[in-house]
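One structure is given below, encoded as structure tokens.
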Amino acid sequence: MDRRLKRGLEDLKNAGLLTDIGGDWNKIPADCTLKSDSRTVGPGDIFACVVGLHADGHRFIEQALKAGVSYLLIQRPEPGLPIPWIQVTDVRSAMGYLAAALNEEPSEKMKMFAVTGTQGKSTTSYMMRSILQNCGVKCGLLGTIVYDDGATVELADRTTPEGSEIQQFLKRMIDNGCQACSMECSSHGIVQGRLSGCVYDGAVFTNLTPEHLDFHGTMENYYEAKAALFRKYLKPGAAVAPNVASEYGRRLVAEFPKAMTWALESPARLQGTNVKLDIDGSEFDLLLDGRKMGRVRIPLSGRYNVENALGAAAVCLAEGCDERKVAEGLALMPQVPGRMERLNLDNGVRVIVDYAHTADSLKALLETLRPLTEGRLVSLFGHGGDRFAGHRPLLGRAAAQKADRIFVTMDNPRTEDPVKIAEQIVAGIKEVRADDCWSVELPRDAAIRKALDWCRRGDLLVLSGKGPEPYLEINGVKYPYSDQSVVEGWAVERGVKIR
């Protein structure tokens, strides 16, 4: 039997996933690839029959066979299969283990760094990569915004890819000379076993606030999903870096007493103090075990971005990175797409594009920008359809408490009526404000154009919710779209330059 397959079967057995195996597996192609989309399989491939919320891969076995697929990974018995098969209790969890074996266990050959939490994952992952690269370590990236294998960059279609895709990306990183990977781990990805086959040298916990409760049900279930990253996927002696300003971070410390704790102006091994903010960035003192390491500046404004920097610094310091290189790496990091992304117009109006899509993140964003705004603070946002509807009035309240003017618009309404979503947001605004500070403009591009026309010199327009997303999802169709492109198009039409 092929040694890679033998290792994969051993891992599946040890994980309690292996049920049965059939057919001749003695010789498989060197380039054998595991895929879960029957439209992309071909000769030499393994088709993984994933059982999801909306589709069952077993229904597409015939299509995969017609495409010439050579092997099957199944979850239930399928009589009369003409090709070799492996049966497991959970195909989605099994994919990572099997793909890791087929790709020669890539996570064991590089430094793996993970970040999880409700907010801050993307920015923290970029910061970790910037630090590592400043330390001379070539680092790939997997997360919400892009997948970067060290040679090519592609837009991400989800925060944490399927397990088979993760292993293929990691193998590409190694082939392209990467020595490390900085990776976002979503709660969905952890619960669904997409991290199977990965082992991490360090992991950051940022925070936990109500989100995805339509999926997890309770905050306790949500926490358990995040905690599973630390319990199941860390290498022995791995660095654990929790934010102990969060009660959930303190719970992790109880399980991992040697953790490199961090917090903003709260007791922790790594602290950030004396924070100063301006529209272009943040400065703070970095203290390790009470000793001042130095004054650090990052090109992102906001106390929450200082927290992100602390998380990234904590895990890198725990892994032995040089203190000076850590501070330099934070200062040198590029602007993160859609995360406090600045578009300065030469008519005196500033635009911020940010992914903030929960009440907590919108409140933190507007609280940061309020004292930095010369004129009026203008907030434009919506809320995604088929998601936790209870967030909508909370978003309205958060904006009403801080913004001078509010434009309510759409944000991936999916199968819901965007008018009703907007009404739920407006209900929250009215709980706080009785004036006419708000208006509803549903086409998002039209809303942005209207807001830009309304703004004058000194005003700050905050476009939140979409961040770097390159689409609007309406009734199952993803239409090409970006907030940044709308601003750029408006600027060209009005003869305004973006600095």
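So the sequence shown is numbered by the numbering used here: it starts at -18 and just counts up by one. The beta-carbon is built from N, C-alpha and C at its ideal position, and this holds for glycine as well.
{"query": "Rounded to the nearest angstrom, what separates Ala312 and Lys257 at their Cα positions?", "result": "15 Å"}
{"query": "In three-state terms, what does DSSP make of Ser111?", "result": "helix"}
{"query": "On the three-state DSSP scale, how would you describe Arg276?", "result": "strand"}
{"query": "For Leu151, list the residues DSSP reports as bridge partners.", "result": "None; Leu151 has no bridge partner."}
{"query": "Give the straight-line distance between the Cα atoms of Cys418 and Ala381, rounded to the nearest whole angstrom.", "result": "8 Å"}
{"query": "Compare the Cα-Cα distances from Gly124 to each of Gly131, Ala29 and Asp138 and report the closest residue.", "result": "Asp138"}
{"query": "Which ranges would you report for the alpha helix (DSSP H) in the stretch 128 to 211 if only whole runs of at least 4 residues count?", "result": "144 to 156, 168 to 172 and 194 to 197"}
{"query": "Which class does Ser420 belong to by DSSP, given the choice of helix, strand or coil?", "result": "strand"}
{"query": "Pick out whichever of Gln148, Tyr78 and Asp341 has its Cα sitting closest to the Cα of Ala(-4).", "result": "Tyr78"}
{"query": "Is the Cβ-Cβ distance between Ser19 and Phe41 less than 7 Å?", "result": "yes"}
{"query": "Going by other Cβ atoms of all chains shown within 10 Å of its Cβ, with 16 needed for buried, is Lys401 buried or exposed?", "result": "exposed"}
{"query": "Using a Cβ-Cβ cutoff of less than 8 Å, which residues in the same chain neighbour Gly23 once the five nearest sequence positions on both sides are dropped?", "result": "Ala48, Gly49 and Val50"}
{"query": "Just list the residues that DSSP pairs Tyr460 with in beta bridges.", "result": "Leu453"}
{"query": "Does the contact criterion of 3 or more C-beta pairs under 8 Å hold for the stretch 125 to 134 versus the stretch 299 to 311?", "result": "no"}
{"query": "Determine whether the beta carbon atoms of Thr104 and Asn289 lie at a separation below 7 Å.", "result": "yes"}
{"query": "Leaving aside the five residues before and after Arg57 along the sequence, list all residues of the same chain whose C-beta is less than 7 Å from its C-beta, in chain order.", "result": "His39"}
{"query": "Is the beta carbon of Gln160 sitting closer than 7 Å to the one on Met109?", "result": "no"}
{"query": "Which term fits Asn224, buried or exposed, when burial requires 16 or more other beta carbons within 10 angstroms of its beta carbon?", "result": "buried"}
{"query": "Going by Cα to Cα distance, which pick from Arg175, Lys459, Phe237 and Trp6 is closest to Pro63?", "result": "Trp6"}
{"query": "Does Thr21 pass the burial test, meaning 16 or more other C-beta atoms within 10 Å, or should it be called exposed?", "result": "exposed"}
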